[in-house]
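Colleague: Position one of the sequence shown corresponds to residue 711 (the numbering used here), numbered consecutively onward.
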Amino acid sequence: MMMINCATGTASIMAIAIATGASAQTRNEPDRTNDEIVVVATAQSRASSSTKTDTPVVESPQSISIVSREELDLRASPTIADALSYTAGVYIEPYGADNRTDEVVVRGFGAGGFSSNNNFVDGLRLPSGGQWTRPGFDPFALQQIEVLKGPSGALYGQTAPGGVVNIVSKRPSFTPHGEVLLQGVGYNDLGRWSYQGAGDVGGPLTNTIAARVVGLARYGETSVRDTANARQYLSAAVTWQATPQTSWTLLGQYQRDEGNSTFQFLPSIGALTSINGRYIANDDNLGERDWNRFDRNQYLVASFFEHRFGDRLAIRNNSRYTRLETLYRGVLLSGGTLASCPTTVVGCIPGRTVQRRAVQGIGDSDGFATDTQVEAKLTTGPIEHVLLAGFDYFHTEWQHDRDGVAAARVLPILDVLNPVSRGAIGYATSLTPVGYLQSVTKQRGFYAQDQIEAGRLRVTAGVRHDKAEDVSINRTNPAAIGSYLIDSDAFTWRAGAVYLFDNGLVPYASYAESFQPQVSDPASALNAVPFVPTTGQQIEAGLRFQRGRSIYVTLGGYQITQQNITTPDPGGALCGLAVCLVQTGEGRVRGVELEGKASLPWGTAIILTGTRSDAEITKSNATLPPLVTGGPRRSQVGLTLPQVPECLASAFVDHRFQNGALAGLGLGGGVRYTGKSWGDTNNTLRIPDYTLFDLFVRYDLGKANPALRGMLVSLNARNLSDERFVATCNSVAACYYGQGRSLTARVQFRW
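1) Using the beta-carbon count (16 or more within 10 Å), is residue 887 buried or exposed?
2) Taking the alpha-carbon positions, what's the residue 1352 to residue 824 distance?
3) Note the first and the last residue of the continuous beta strand (DSSP E) segment covering residue 1026.
4) On the three-state DSSP scale, how would you describe residue 753?
5) Does the structure place the region 1209–1219 close enough to the region 1190–1199 that three or more beta carbon pairs sit under 8 angstroms?
6) I think residue 1455 touches residue 1224, with their Cβ atoms under 8 angstroms apart; what is that distance to the nearest whole Å?
7) Please go through the same chain and pick out, in chain order, the residues whose beta-carbon is closer than 7 angstroms to the beta-carbon of residue 1022, but skip the five residues on each side of it.
8) List the endpoints of the continuous beta strand (DSSP E) containing residue 1411.
9) According to DSSP, is residue 984 part of a helix, a strand, or is it coil?
10) In the DSSP assignment, find the beta strand (DSSP E) that holds residue 796 and state where it starts and stops.
11) Output needed for residue 1458: all residues of its chain with C-beta closer than 6 angstroms, excluding positions within five of it in sequence on either side, in chain order.
12) Check the C-beta distance from residue 801 over to residue 815 and give it rounded, since I have them as a contact under 8 angstroms.
13) Can you find the residues in the same chain that come closer than 7 angstroms, C-beta to C-beta, to residue 1332, ignoring five residues on each side of it along the sequence?
14) Since I believe residue 1105 is in contact with residue 1073 (beta carbons under 8 angstroms), could you give me their beta-carbon distance rounded to a whole number of angstroms?
15) Enumerated in chain order, which unbroken segments of the beta strand (DSSP E) with a length of 3 residues or greater are wholly contained in the region 1361–1432?
16) Output the distance between the C-alpha atoms of residue 1071 and residue 839, rounded to the nearest integer angstrom.
17) Within this structure, are the beta carbons of residue 889 and residue 910 separated by less than 8 angstroms?
18) Note down, in chain order, each residue of its chain lying with its Cβ closer than 7 angstroms to the Cβ of residue 1280, except the 5 sequence neighbours on either side.
19) With distances taken Cα to Cα, identify the nearest neighbour of residue 1014 among 1050, 948, 1064 and 988.
20) Are there 16 or more other CB atoms within 10 angstroms of the CB of residue 1199, so buried, or fewer, so exposed?
21) Near residue 747, what residues of its chain come up, given a Cβ to Cβ distance below 7 angstroms and the 5 sequence neighbours on each side ignored?
22) Taking the alpha carbon of residue 977 as the reference point, which residue from 965, 1320 and 995 has its own alpha carbon closest?
23) Counting only runs of 3+ residues fully inside the region 1121–1176, write out the beta strand (DSSP E) ranges in chain order.
24) Between the C-alpha atoms of residue 759 and residue 1397, what's the straight-line distance to the nearest angstrom?
25) Between 1188, 1264 and 1151, which lies nearest to residue 1227 when the distance is taken from Cα to Cα?
26) Check whether the Cβ atoms of residue 1159 and residue 1176 lie closer than 8 angstroms to each other.
27) Can you give, in chain order, each stretch of the alpha helix (DSSP H) that sits fully within the region 959–1012 and has at least 4 residues?
28) Does the contact criterion of 3 or more C-beta pairs under 8 angstroms hold for the region 1177–1184 versus the region 1122–1135?
29) Using CA atoms only, rank isn't needed, just tell me which of 817, 851 and 1041 is closest to residue 832.
30) Where does the unbroken beta strand (DSSP E) through residue 1318 begin, and where does it stop?
31) Report the rounded CA-to-CA distance for residue 1066 versus residue 1044, giving the unit in angstroms.
32) Can you name, in chain order, every residue of its own chain whose Cβ lies under 7 angstroms from the Cβ of residue 946, other than the five neighbours on each side?
33) Determine the direct distance from the alpha carbon of residue 1383 to that of residue 813, and round the result to whole angstroms.
34) Which residues in the same chain as residue 907 place their Cβ atom closer than 6 angstroms to its Cβ, once the five residues preceding and following it in sequence are excluded?
35) Can you name, in chain order, every residue of its own chain whose Cβ lies under 7 angstroms from the Cβ of residue 1126, other than the five neighbours on each side?
Printed below as a string of structure tokens:
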């Protein structure tokens, strides 16, 4: 593992990218053309989720990153998290390889997956769920991915302060098109493979109606031994352009996931630190295939309507119903490696044996979200206004039944360096309730926004008021069903300015707020007072540079502060057997981000990113054990927030030979550096830094033979060296490996 400091890692990556880009220019100098190769999203790209209006990215005071459809194809991204691996400020898969959902952290705070309910599709919130009832999406189904950095409460209501990830579905267009894709993916030593077939066909049915159908089927093994899964996806959409001013799109999606989960807990001894110089392999399985299951049915039905009254007034409504059904079974660690062996564990090896537990979760979730907007364009003297007012509402109902297998049935792994299955006999008949939970969540929000254009100055200001309601019911004990209600009321606002200089420089500054309801039993709070939402504020300023559609660079600094975090009562009052909680905790993240994307005229595209973060616990009543026996306990204040790497850096280069004997050939790759971090709040588990390399080659067969026009073949390698790295460790019994090597071979035909 490469152990290099943050500054060296970032500088090395930047140097590699610059040298590679210059080399590509030198090699291909005679082949220069005036054709513009645009494969990356730049300043002229649109991300309607940032303002809910059609505004270029460069004119928004909020930092936004876009991963385009071209980038998804170029990198053959297998997951949404992987697609964000070359995005500044985004830390992907903090809990390791997990095929159940896409876990990402934006600017130090969870922005999807299990860590947050910040899941947005087409600008609408997805339903929350029980512990494992979460949605998942395939990159082949998407048009682009948008990352809105910083608080977004003024537009979307309850969101994490770090940002929001919004994925955009493929929709119909009136341009005929089609694509067929066949691919195979090999893992680690390439002894395990999965296979996929996919298709995407669309275009006009009449002068006013367009349709699109997208589908895929995948089956095969995964990156973890003794696991396999399958996915089937089908999407159908129809757009009716009734008049030039009126458009209505209906979209339906179904996705079925079935098979095994790749998620597992690993012991810190064996994963983070060695056992006599040896480590657990990054594809080992410490679970049981006979009790490893993750099945999901996912249904979405959506409507997108817009009517324009001339050029100055428009009304829009976007609505969606979503249903999820999940089954999860897993065998997980119940502690770290045993330092000494109890007589009850036959065959135990000190320092290499781990005890396990087994769980089952069955859940379902129904959600409805709707957003109605009115947009008006006004002129007041020399100033242009784009006014937006709207009301959105979402309603989610979920239930999740979690059972545990009798401990006596779950046998330990005797040697984590050579794990052998112990079977799952009797698991299904020894289940007992652990948590049978239900929840109903509602949010109603009114918002207003004004985008002002005065010459080259752009000012955006917005306000929002939300009322949220969360009802939780505990059915674990039918004789004593418990419930509680959390009402949240929040006002959030944002304001920012951008100035567009003639030379392409664009300074910007902004302030924004967020809130998140704290859905927790008031019985754990001091005096049983229901928890209020956490609040977040961000200040940000920076400088952007744009040149047409080909170059876009942004450099900015920010500070995010989150308040009302729960922390133990300093007076030590008890709520049951535990110390009561009060909401006086606070965390702060300061950071600097650099992101540059360029499509250069000699056929080279480059992405450069760098992030430096300082994440700190600024207020807490929690204490740590003394450094010496009998000494005073220490405060958590000043410690680093967990799962926030000191720095992130990446570089990606794509070069296309445009003329000559190599015309049609594309070569490139990337390097990703993740700095050191802490795995736990008490800063006892230090996570090493790591560097990963990606490579790809592709060829447009139509350049060699016109009869094969539209056919491409490609080979993409991720984590080329099969680096074994630890994503994080929450505890000595909860470490997670990142994704090992994968090799994707593709054949695509487009027309």
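C-beta atoms are modelled at their ideal positions from N, C-alpha and C, and glycine is treated no differently.
Modeller: Looking at the atomic coordinates:
1) Burial check for residue 887: the Cβ neighbour count within 10 Å stays below 16, so the residue is exposed.
2) 16 angstroms
3) Secondary structure note for residue 1026: its beta strand (DSSP E) is the uninterrupted segment 1023–1043.
4) Residue confidence for residue 753 is low, a pLDDT of 47 falling below 50, so the modelled location carries little weight; the figure read from the coordinates is stated next. Looking at residue 753 - three-state DSSP - the assignment turns out to be coil, as it is neither helix nor strand.
5) Flag = no, the region 1190–1199 and the region 1209–1219 do not touch.
6) Not a contact, Cβ separation roughly 43 angstroms.
7) Correct list, in chain order: 1086 and 1087.
8) Here residue 1411 belongs to no beta strand (DSSP E), and DSSP marks it neither H nor E.
9) In the displayed model, residue 984 falls within coil according to three-state DSSP, outside both helix and strand.
10) That residue, residue 796, is in no beta strand (DSSP E); it is neither H nor E in DSSP.
11) Here the set comprises 891 and 1422.
12) 4 angstroms
13) Hits under 7 angstroms: 1277, 1278 and 1346.
14) About 17 angstroms separates the two Cβ atoms, so there is no contact after all.
15) The region 1361–1432 contains these whole beta strand (DSSP E) runs: 1375–1384, 1400–1410 and 1421–1428.
16) Rounded to the nearest whole angstrom, the C-alpha separation of residue 1071 and residue 839 is 12 angstroms.
17) yes
18) 1331, listed in sequence order.
19) 948
20) Burial state of residue 1199 is exposed, judged by a 10 Å Cβ sphere holding fewer than 16 other Cβ atoms.
21) Summary for residue 747: the model assigns pLDDT 40, below 50, so the residue's position carries little reliability; its value from the coordinates is reported in the next sentence. Same-chain partners within the cutoff: 1309, 1313, 1315 and 1366.
22) 995
23) 1141–1164
24) So the alpha carbons of these two residues sit roughly 34 angstroms apart.
25) 1151
26) no
27) 978–981
28) no
29) Looking at 817, 851 and 1041, the one whose alpha-carbon comes closest to that of residue 832 is 851.
30) 1314–1329
31) Their backbone Cα atoms lie some 5 angstroms apart in a straight line.
32) 923 and 962
33) 18 angstroms
34) 892 and 927
35) 977, 980, 990, 996, 1047, 1062 and 1064
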